[in-house]
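Those letters in the sequence shown? Residues 224 to 499, per the numbering used here, in order.
Note that beta-carbon positions come from the ideal geometry of N, C-alpha and C, so glycine has one too.
Bear in mind the structure is a predicted one, so any value in this text is a computation, not a measurement.
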Amino acid sequence: MKNILIPTDFSENGADAYEYALSFIGNEEANFHIINVVVPVNESVEYPSMTSVANQALLDAARTNLDNLEALSREGKEENKKVKITTNVILGQIASSIIKEGERVKADLIIMGSSGKGKSNLQKFLGSASSEVISHSSIPVILVPKDYHFKLLDNIVYATDLDKSDPFNIWKLSNLIKPNTAVVQCLHVIDKGAKANEEQIEEFSQFLLDNSSNVQTQFHTEVSDNIEETISDFADNFDAEMIVMHPSAKNFWNRLFGKRHTKKMVYQLEVPLMII
Numbered sequence: 224m225k226n227i228l229i230p231t232d233f234s235e236n237g238a239d240a241y242e243y244a245l246s247f248i249g250n251e252e253a254n255f256h257i258i259n260v261v262v263p264v265n266e267s268v269e270y271p272s273m274t275s276v277a278n279q280a281l282l283d284a285a286r287t288n289l290d291n292l293e294a295l296s297r298e299g300k301e302e303n304k305k306v307k308i309t310t311n312v313i314l315g316q317i318a319s320s321i322i323k324e325g326e327r328v329k330a331d332l333i334i335m336g337s338s339g340k341g342k343s344n345l346q347k348f349l350g351s352a353s354s355e356v357i358s359h360s361s362i363p364v365i366l367v368p369k370d371y372h373f374k375l376l377d378n379i380v381y382a383t384d385l386d387k388s389d390p391f392n393i394w395k396l397s398n399l400i401k402p403n404t405a406v407v408q409c410l411h412v413i414d415k416g417a418k419a420n421e422e423q424i425e426e427f428s429q430f431l432l433d434n435s436s437n438v439q440t441q442f443h444t445e446v447s448d449n450i451e452e453t454i455s456d457f458a459d460n461f462d463a464e465m466i467v468m469h470p471s472a473k474n475f476w477n478r479l480f481g482k483r484h485t486k487k488m489v490y491q492l493e494v495p496l497m498i499i
C-alpha cells in the first residue's frame, strides 16, 4: 500500500495533483495525506496578540477549506474506494513543512503541483517552493504541471550522468510507478564543447542494460549546452509521460539544479517530473 503526501494550496494546480495521484495509483490501495501549509503572519512587536489572532484566522480558514476539499474528494473517488484520506493544516514555511510532514507520515511519495506556468507572484513563489522541495526531500517527489491530466505510463525519460546507482534507482522507479509499467529511456546529456569519453559511455550503457534486466531500458546520448531544453525536447520526441531524475551524481545535479536551472525546469514542465 502506497503512502502518498499531497500538499495543496486550494488552487487549480493543487486539484491537478490530487486527480493525478488518484489516477496514478489505479485500483491499488493507498493512503492519501492531504495537507495545506499556512505561512504565518510576521510577528508585530507592538501588537503581538493581533499576530496570534491573524494566524489563527488563517488556520481556521484553511481548516474549513481542507474539510470541504476532503468531502469533495470522498464523493469523487467512487471509482477507487481503497483510498484512505487524512488531512492536516500546518503553520510554517511551505517547503520545509512539506518535507517534515512527509517524513512524519512516512510517505513513499509526494505528489504536488508545480505551479510552473503561472505568471502571478504567488504562483512564482509556489514554483520556488516546489523547487526547494525537490532539492531537499529524501522522499521521491512528483511535480504535476498545471492542467496536466494523467496518461498511462508507456515511456519515461530517466536523465543520467553515468552514475553506478542508476540500475537501483530504475528498479526503485519501477516499484514506485506500479501498477503502471513503462519503457525507461535513459538520456545522458553531454556538454557542448566537452570531449565525450566514448569508451566510458559505451561501458556504462552496457552496465546499465545488464543490471536493469527486470525493466525495459534503452540508452541515448545528446550533445547540448542547454540541459533542461534538451531533456524536455527529448521527452516530447518520445511522447514521454514523465521525466525522472536522481540527485546521486553531484556534478550533474549541480549543472541542472543550480538556482537558475531549477526555476526554469519547474516553470517549463509539460509532463510530470519525478525526483527519485
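C-alpha of residue 374 to C-alpha of residue 243: approximately 9 Å in a straight line. If you draw a straight line from the Cα of residue 384 to the Cα of residue 358, it is about 17 Å long. DSSP, read as helix, strand or coil, puts residue 316 in coil. 389 is the residue among 354, 470 and 389 whose C-alpha sits nearest the C-alpha of residue 440.
In the DSSP annotation of this structure, the continuous segment of the alpha helix (DSSP H) that includes residue 237 starts and ends at 235-247. Assignment of residue 438 by DSSP, reduced to helix, strand and coil, places it in the coil class. Three or more pairs of CB atoms, one per stretch, sit closer than 8 Å, so the region 397-412 contacts the region 441-454. Taking a C-beta distance under 8 Å as the contact criterion, residue 259 and residue 289 qualify as a contact pair. In this structure, residue 230 sits away from residue 365, with a CB-CB distance that is not shorter than 8 Å. Assigned with DSSP and collapsed to three states, residue 380 falls in strand. The alpha carbon of residue 336 has as its nearest neighbour, out of 324, 254 and 353, the alpha carbon of 353.
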